[in-house]
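J.: So that we are looking at the same thing, I have put the structure below in structure tokens.
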Amino acid sequence: MAKFADHLPLYRQESIFGRAGLAIARSTLAQWVGSCGVQLQPLADALHDAVLEHGVIHADETPVQMLTPGAKKTHRAYIWAYATCQFSDLAAVVYDFSQSRSGENARNFLQGWKGKLVCDDFGGYKA
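Once you know that position 122 of the sequence shown is 122 in the UniProt record's numbering, the rest is easy, because the numbers rise by one and skip nothing.
So, in structure tokens, the structure goes:
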């Protein structure tokens, strides 16, 4: 929880646990994070499907810095958010990560969906 809610890197959590007398290796913490991601994927897929059942979806993308393993500098990647509208019976947001701002990302996420898309004037949504 500390990694995501508190933005606490695993190396710092490893130190905190060590001071508390718990020897938990950073690699073990990383394995746990990965395992949770695998276990939660069906939930993320179900939420994606539930959002696409709605006739109105809000969408926006925002840049984030990404450090590719082995690279010395970060590059710009994007988190895309897709949300149901305020009048929907389901209040939900699905976040989708991509390494580019290409409209192909929105097309892939919304594949097969028919409805009204509420978004800014970014050309990637116009496909």
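All C-beta atoms, glycine included, are put in the ideal place defined by N, C-alpha and C.
Apart from the five residues just before and just after residue 120, which ones in its own chain have a Cβ nearer than 8 angstroms to its Cβ?
T.: Closer than 8 angstroms at Cβ, skipping near neighbours: 60.
J.: Extract the residue ranges of the alpha helix (DSSP H) inside the UniProt domain "Transposase IS66 central" (2 to 127), only unbroken runs of 4 or more that lie entirely within it.
T.: The UniProt domain "Transposase IS66 central" (2 to 127) contains these whole alpha helix (DSSP H) runs: 2 to 5, 10 to 19, 26 to 52 and 103 to 109.
J.: Taking 8 angstroms as the cut-off, does the region 15 to 29 touch the region 79 to 99 (at least 3 CB pairs, one atom from each stretch)?
T.: Because the criterion of three Cβ pairs below 8 angstroms is not met, the region 79 to 99 and the region 15 to 29 do not touch.
J.: Hey, is the region 111 to 125 in contact with the region 44 to 55, meaning 3+ C-beta pairs nearer than 8 angstroms?
T.: With the cut-off at 8 angstroms, the region 111 to 125 and the region 44 to 55 touch.
J.: Give the straight-line distance between the Cα atoms of residue 64 and residue 72, rounded to the nearest whole angstrom.
T.: Taking the straight line from one Cα to the other gives about 16 angstroms.
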